Amino acid sequence: MKKTHPQKLAAVAVGAFGFTLSVAAVAHDHAGRYHHDSHKPAQTSQVPTSATEWFKAGEAAVLVNKRDVEQLRKAKNVILFVGDGMGVSTVTAARILEGQMAGRDGEFNRLGFEKFNNLAFSVTASANQQTSDSAPTATAMVAGVKTNDGAISVDQSINRTEPSAEVTAAKSVKTILERAEERGMSTGVVTTARFTHATPAVNYAHISNRDWEADSNLPAGATVKDIARQLLEFPYGDGLEVALGGGRSYFMPNNVADPEYPTQKGRRADGRDLTLEWTSQYNNSDYVWNKAQFDAVNPASTDHLLGLFERSHMRYEADRAQDAAGEPSLTEMTEKAIKILEKNRKGYYLMVEAGRIDHAHHAGNAYRALTDTVALSDAVKKAKQLTRDEDTLILVTADHSHVFTIAGYPSRGNPILGKTAVDGVATKDALGLPYTTLTYANGPGWTGGLQRKEFNPANEGTVAAAYAGSKLRPDLTAVDTANPNYMQEATVPMSAETHAGEDVAIYADGPGAYLVRGTLEQNVIYHVMADALGIRK
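In the working numbering, the protein residues as written are 7 to 543.
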């Protein structure tokens, strides 16, 4: 088997782990492998300041992880699952909820992707934000570089409101999906959010502002193409084979009634119906907007599938059954996508996003965030059933976290959505009131309070502090906190709960998964996928 040579490692200038490699920092062990001596590398505080530097740092991190591992087989296919907003606390709470709903020990339960063999942390800070939004974090994962808040697959030097197509093209960064299309692979994106939303859009679009989803969203005089249009005018390979999600209104003209909601019309001001253009520009193609049409699609005879199941985002998993026209589950969309994509002998790239975990957290509603996380786990299980570990790399991660907490010392087995209790006896706060195990640090669930105190350095205790307002916490004794519509309490009042800045997890199985270890900058995820597929810049 081939070994990683120290001279090759020495050529890496700066790794994403924050150290500089040199020949002197590489030692040879008795097994004949080269490994890094953690005591010798020179520390550096240099943070990449351009797309080129971020890209090189990501490549370097992959080389560092390869330094003492024998050459392994390459991947034919890559599937990237993204739980939008799925922080570690969300995974933990969803794990417990899934187990408890099935009558099992929730704490001992594991979601499908938690059984993967490889695990790492992902640093989600963007090029300009300590706590990021989905646009730069998703761009990092699919393009290999860090960029700014709101940016869709363009580098960090672009202005947030850049209207020029020429400037945007000059600052665009190529994505893993585009590189896969160039190689003749099949590609697809599946999401429960709008298909033009940030995370799915980074795969196929390049634009400075994530909000420019339809042409009616563009500023006057802009020459850059809106996000929906970029899907139809995608210049690489033969275009995406699978595009499934919500956001139908962004593809329809503003004088055409929606098929599911006839009193509402599309958002496009240019008169174009991009759903009709999809079927006219691709052979063996189909466009569907409801469950019956989706179920009727035959993967064997369909080469290009566009499915847009809502005017905006698709329903939460908990509410999907109430949709009049019917919507496929994330698992069903994942299965259909794989069966279409796997026909290509050259392989495929697929992103699957559980986009509404994020939205439920913003709404301060843990139930829907957790049940959508369980739905993602089910989709991952289906993907594992349909693929082979020998040729398919599967990554499961999040773009960012949320300010969602699990606290209060409840007994093992206490309902995760319930009030904190020890051996069935409710735990009380300093006001003598019960409280829930799950809460948010900020958001719309704020209920006020009068008990403000400040630290007293004289005795390291507390002293009362002035407090404006007159509202105490509510008494939750008779409140059903497990009700799907219950909003968990929040510490800081905000119209919507915010993202959090801590690291998120990366779970990996299949060829190249061994590169997922330690604490990685988020843009390294692209480089892991590219290395597994044998893609070079």
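Where a beta carbon is used, it is the ideal one built from N, C-alpha and C, also for glycine. Predicted, not measured: the structure shown is a model, and the values here were computed from it.
query                                                                                                                      : result
Residues that DSSP places opposite W452 in a beta bridge                                                                   : A496
Length at least 3, wholly inside the segment 458–499: the beta strand (DSSP E) runs in chain order                         : 459–462, 467–470, 496–499
Touch test, the segment 364–374 against the segment 327–342, Cβ-Cβ under 8 Å, three pairs minimum                          : no
N296 and S307 closer than 8 Å at C-beta                                                                                    : no
Classification of E172 by the beta-carbon crowding that lies within 10 angstroms, buried from 16 upward                    : exposed
Contact under 8 Å by Cβ, P206 with G251                                                                                    : yes
CB contact flag (V358, V196, <8 Å)                                                                                         : yes
Span of the alpha helix (DSSP H), counted from its first residue to its last, around Y355                                  : No alpha helix (DSSP H) holds Y355; the beta strand (DSSP E) holding it covers 354–360.
The segment 505–524 in contact with the segment 463–471 per 3-pair CB rule at 8 Å                                          : no
Span of the beta strand (DSSP E) around V510                                                                               : 510–515
Of the residues E120, E113, A81, the one placed nearest S383, counting alpha carbons only                                  : E120
Bounding residues of the beta strand (DSSP E) (the contiguous stretch that carries E527)                                   : 524–527
Bridge-paired residues (DSSP) for R274                                                                                     : P259
Pair within 8 Å by beta-carbon distance, D364 and E323                                                                     : no
Pair within 8 Å by beta-carbon distance, D309 and Y288                                                                     : yes
Distance CB(D161)-CB(T153) smaller than 8 Å                                                                                : yes
Simplified DSSP state of G3, which is helix, strand or coil                                                                : With the chain covering 7 to 543 only, the question about residue 3 has no answer from this structure.
Distance, Q135 Cα to A226 Cα                                                                                               : 28 Å
Contact set for I164: own chain, Cβ-Cβ below 6 Å, skip 5 residues either direction                                         : K177, S214
Cβ separation of D486 and L439, assumed to be a contact under 8 Å, to the nearest whole Å                                  : About 16 Å; that fails the 8 Å criterion.
Contacting residues, own chain, Cβ-Cβ under 8 Å from T229 (five flanking each side not counted)                            : P169, S170, A171, E172
Cβ neighbour criterion (16 or more within 10 Å) applied to Q13                                                             : Annotation note: pLDDT 36 at Q13 (below 50); position unreliable, no value reported.
Beta-carbon contacts of T398 that lie in its chain and below 6 Å, excluding the five residues immediately before and after : N83, G516
For P440, the residue or residues it bridges with in DSSP                                                                  : K434
Best match in E316, E266, P268 for proximity to S253 [C-alpha to C-alpha]                                                  : A small fix is needed here, since residue 253 is Gly in this sequence, not Ser. The option with the nearest alpha carbon to G253 is E316.
Reference G361, options R321, E266, Q328, closest by Cα                                                                    : R321
Inside the segment 358–410 only - beta strand (DSSP E) runs reaching at least 3 residues                                   : 398–403
Presumed contact (8 Å Cβ cut-off) between A126 and L539, rounded CB distance                                               : 19 Å between Cβ atoms; not a contact.
Nearest-angstrom Cβ-Cβ length linking G454 and L423, presumed shorter than 8 Å                                             : Contact flag wrong, Cβ pair sits at about 23 Å.
Environment of R351 [buried if 16+ CB atoms lie within 10 Å]                                                               : exposed
Which residues DSSP lists as bridging D309, in chain order                                                                 : Beta-bridge pairing links D309 to no other residue.
Contact under 8 Å by Cβ, E219 with I233                                                                                    : yes
For Y446 and V409, the rounded distance between their alpha carbons                                                        : 6 Å
Residues near E184 by beta carbon distance below 7 Å, same chain, minus five either side                                   : Y242
Of the listed residues P499, L238, R189, L444, nearest to G353 (C-alpha basis)                                             : R189
F201 burial status per 10 Å Cβ neighbour count (16 or more: buried)                                                        : buried
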